[in-house]
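> Got a structure for you, written out below as structure tokens; questions coming shortly.
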Amino acid sequence: MLIASIWILSVHYGHAQDFGYDGEKGPSHWGEQYNSCAGKHQSPININSLDVKKVNLPPLALVGFDVAPRETNLTNNGHTVVVTMDSEVTPTVSGGPLSGVYEYSQLHFHWGDNDTFGSEDMIDNHRFPMELHVVFFKQEYKSAKSALNHPDGLTVLAFFFEIAPDDSPMYEEFIALLNNVTESHQSARFDTPPTLQDLIADDLVHYYTYNGSLTTPPCSEVVTWIDFKEPILLSHAQVQAFRALQDEHNTPLTHNFRPVQPLGDRVVLYNTDELIKEVDLEKDLPPAVVEDILDTNRIDGAPSASESSASKTTTKRPSSRENGASTIQSYGTLPIVMVLMAVLAVTAARGTAC
Ligand SMILES: [Zn+2]
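Terminal number for the sequence shown in our numbering: 356, no gaps in between.
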């Protein structure tokens, strides 16, 4: 366990480690040296959005995410770039699937050789170009080291990235500082430390959660994963800047993600605030369909007898249903049977994904 603790400290505090992502030190060999890496509850996984359990968990409580740290440092540890903060208020997270309060430890990233892959967890076999892991340890265990002795020791807030046309201003200084940590073990300090809130997505309600492991040796199965659905947007140039970093052998650190592991007997939960509304919606669907069809068949835009009740129905609907309604509207000149098929398709999609 002492060895494990040393390794986890190195993983979370930026020291050198004896593993890689290619060849003899690559992920397929990790299990030879670290038993847990061959465990049954490993991360990352592919999340099949058709095979999740929808839940309404208590809200996540984030404390100190909006407080600017006194000092924030960026370090290339040879495997990723790690951000550590010295803050008056140590950020914590509780609620959601968590029991107890979890304290911020560090954050880091995983990325790929190009924009078509790089994230660790996958959604419906889709890899995102990059993934952010914000790591917390359970406060009652005092440290990340002792938290490793407990199956609920760590939680990681995971955010996927997608490519946007424009640079993200929130990541501007971050990306600029990457130039100062190109080589392994180099560190740089932020002039204007970002808050945690600056670096993550806005929607903290919709997420997948499951029990898994560290995605690097020693692969300890102590992590409650919380994967947020809303991606963070960076430009291609901003993501490309990560690929300029070098590992301990001064070779380009172009990919640092572990392949997905078997889900096994685990169940992935999907948290949404729309579950109750959706149950109501199913009951409401037939009259709503009728109203939509009636509206769709008005060709001149003149008010119809059904308009006031149709509008009222729409305001009750969650946003996904509103999208469905606008889809129906676009079928204005199609036969009614086609409209019904479209409605059924939209309903099926909404019921399985979000
Ligand atoms: Zn990670």
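All residues carry an ideal CB built from backbone N, CA and C; glycine is no exception.
Skipping 5 residues on each side, what residues in its chain have a beta carbon closer than 6 Å to that of N273?
Residue numbering aside, residue 273 sits at position 271 when the sequence shown is read from its first letter. The answer, listed in chain order, is V57, L59 and Y209.
> Which residue comes first and which comes last in the beta strand (DSSP E) that contains S96?
Working through the sequence shown from its first residue, we reach residue 96 at position 94. Its beta strand (DSSP E) spans residues T94 to G97.
> Indicate, with yes or no, if ligand 1 has a heavy atom lying under 7 Å from the CB of T226.
Working through the sequence shown from its first residue, we reach residue 226 at position 224. Because no heavy atom of ligand 1 lies under 7 Å away, the Cβ of T226 does not count as near it: no.
> Please determine whether the Cβ atom of H110 lies at a distance below 7 Å from any heavy atom of ligand 1.
As a working note, residue 110 is residue 108 in the sequence shown. H110: yes, Cβ under 7 Å from ligand 1.
> So which of T74, K55 and A243 has the shortest CA-CA distance to I177?
Counted from its first residue, the sequence shown places residue 177 at position 175. Nearest option by C-alpha distance: A243.
> Identify the continuous beta strand (DSSP E) that holds Q108 and give its terminal residues.
Position 106 of the sequence shown holds residue 108. Looking at the DSSP string, the run of the beta strand (DSSP E) that includes Q108 is Y104 to W113.
> List the DSSP bridge partners of F138.
Stepping through the sequence shown from its first residue, residue 138 is reached at position 136. Note: F138 sits in a beta bridge opposite Y106 and T157.
> Within 8 Å, do at least three Cβ pairs link the region 129-140 to the region 160-174?
Enough Cβ pairs lie closer than 8 Å, so yes.
> When DSSP builds the beta bridges, which residues end up paired with H128?
In the sequence shown, the residue the question calls residue 128 occupies position 126. Beta-bridge pairing links H128 to I125.
> Might you give, ordered along the chain, the residues of its own chain that have their beta carbon closer than 8 Å to the beta carbon of D249, omitting 5 neighbours on each side?
Your numbering for residue 249 matches position 247 in the sequence shown. Closer than 8 Å at Cβ, skipping near neighbours: G22, G80, H81, S186 and L255.
> Using three-state DSSP, classify G22 as helix, strand or coil.
Reading the sequence shown from its first residue, position 20 is the one you call residue 22. Correct three-state label for G22: coil.
> Thinking just about the alpha-carbon of each residue, which of N116, P99 and L198 is nearest to the one in H135?
Your numbering for residue 135 matches position 133 in the sequence shown. H135 has its Cα closest to that of L198, out of N116, P99 and L198.
> Quick one: residues in its chain with C-beta nearer than 7 Å to the C-beta of Y104, no 5 flanking neighbours on either side, listed in chain order?
Position 102 of the sequence shown holds residue 104. Hits under 7 Å: T94, V95, S96, F138, F139, K140, Q141 and T157.
> By how many angstroms is the C-alpha of T77 removed from the C-alpha of E90?
Within the sequence shown, residue 90 is the residue found at index 88, counting from 1. Within the sequence shown, residue 77 is the residue found at index 75, counting from 1. Spanning the two alpha carbons is a distance of roughly 21 Å.
> On the criterion of 16 or more Cβ atoms from any shown chain inside 10 Å, does D20 qualify as buried, or is it exposed?
Working through the sequence shown from its first residue, we reach residue 20 at position 18. Classification for D20: exposed.
> Around the C-beta of D1, are 16 or more other C-beta atoms found within 10 angstroms, so that it is buried, or is it exposed?
Not covered by the structure: residue 1. The range shown for the chain is 3 to 356.
> Comparing C-alpha positions only, which one of A239, Q188 and D204 sits nearest to N252?
Within the sequence shown, residue 252 is the residue found at index 250, counting from 1. If we check each option's Cα against that of N252, Q188 comes out closest.
> Let me check understanding here. Comparing Cα to Cα, which of Q44, V84, T74 and P167 lies closest to L235?
On the sequence shown, position 233 is the one that residue 235 refers to. Of Q44, V84, T74 and P167, the residue nearest in Cα terms is P167.
> Apart from the five residues on each side of it in sequence, which residues of its chain come closer than 7 Å, Cβ to Cβ, to T217?
Within the sequence shown, residue 217 is the residue found at index 215, counting from 1. Within the same chain, T217 has close Cβ partners S45, P46, E122 and R260.
> The alpha helix (DSSP H) with K147 in it runs from where to where?
Taking the first residue of the sequence shown as 1, we reach residue 147 at position 145. Here the alpha helix (DSSP H) through K147 covers A146 to A149.
> Looking at the unbroken beta strand (DSSP E) that takes in V84, where does it start and where does it end?
As a first step, residue 84 is located in the sequence shown; it is residue number 82 there, counting from the start. From DSSP, the beta strand (DSSP E) with V84 extends over V83 to D88.
> Is DSSP giving S306 helix, strand or coil here?
By one-based count along the sequence shown, residue 306 stands at place 304. Low confidence applies to S306: its pLDDT is 36, below 50, so where it sits in the model is not reliable enough to give any reading.
> Just to confirm, is the Cβ distance from H257 to G41 under 8 Å?
Position 255 of the sequence shown, counting from 1, holds the residue named residue 257. Position 39 of the sequence shown, counting from 1, holds the residue named residue 41. For H257 and G41, no; Cβs fall outside 8 Å.
> Answer with buried or exposed for K231, where buried requires no fewer than 16 other C-beta atoms within 10 angstroms of its C-beta.
Numbered from 1 along the sequence shown, position 229 holds the residue referred to as residue 231. Buried: at least 16 other Cβ atoms inside 10 Å.
> So what's F162 in DSSP terms, helix, strand or just coil?
One-based indexing of the sequence shown puts residue 162 at position 160. F162 falls in the strand class under three-state DSSP.
> Can you tell me whether DSSP reads S190 as helix, strand or coil?
The residue labelled residue 190 in the question sits at position 188 within the sequence shown. According to the sequence displayed, residue 190 carries Ala and not Ser. Here A190 sits in strand by DSSP.
> Is the beta carbon of V83 sitting closer than 8 Å to the one on L201?
Stepping through the sequence shown from its first residue, residue 83 is reached at position 81. Stepping through the sequence shown from its first residue, residue 201 is reached at position 199. No.
> Is it true that the CB of A190 sits closer than 8 Å to the CB of N75?
To locate residue 75, count along the sequence shown from 1; it is residue 73. To locate residue 190, count along the sequence shown from 1; it is residue 188. Yes, Cβ-Cβ distance for N75 and A190 is below 8 Å.
> With burial defined as no fewer than 16 other Cβ atoms inside 10 Å of the residue's Cβ, what is the status of L52: buried or exposed?
Residue mapping note: residue 52 aligns to position 50 of the sequence shown, counting from 1. By the 10 Å Cβ count, L52 comes out exposed.
> Report all residues from its chain with a CB closer than 7 Å to the CB of Q240; omit the five preceding and five following residues, and keep chain order.
On the sequence shown, residue 240 is found 238 positions in, with the first residue counted as 1. D169, S170, Y173 and I177, listed in sequence order.
> Under 7 Å Cβ to Cβ from D126, same chain only, skipping five residues before and after it: list those, please.
Counting from one through the sequence shown, the residue named residue 126 turns up at place 124. Once the five neighbours on either side are set aside, the close Cβ partners of D126 are N50 and S51.
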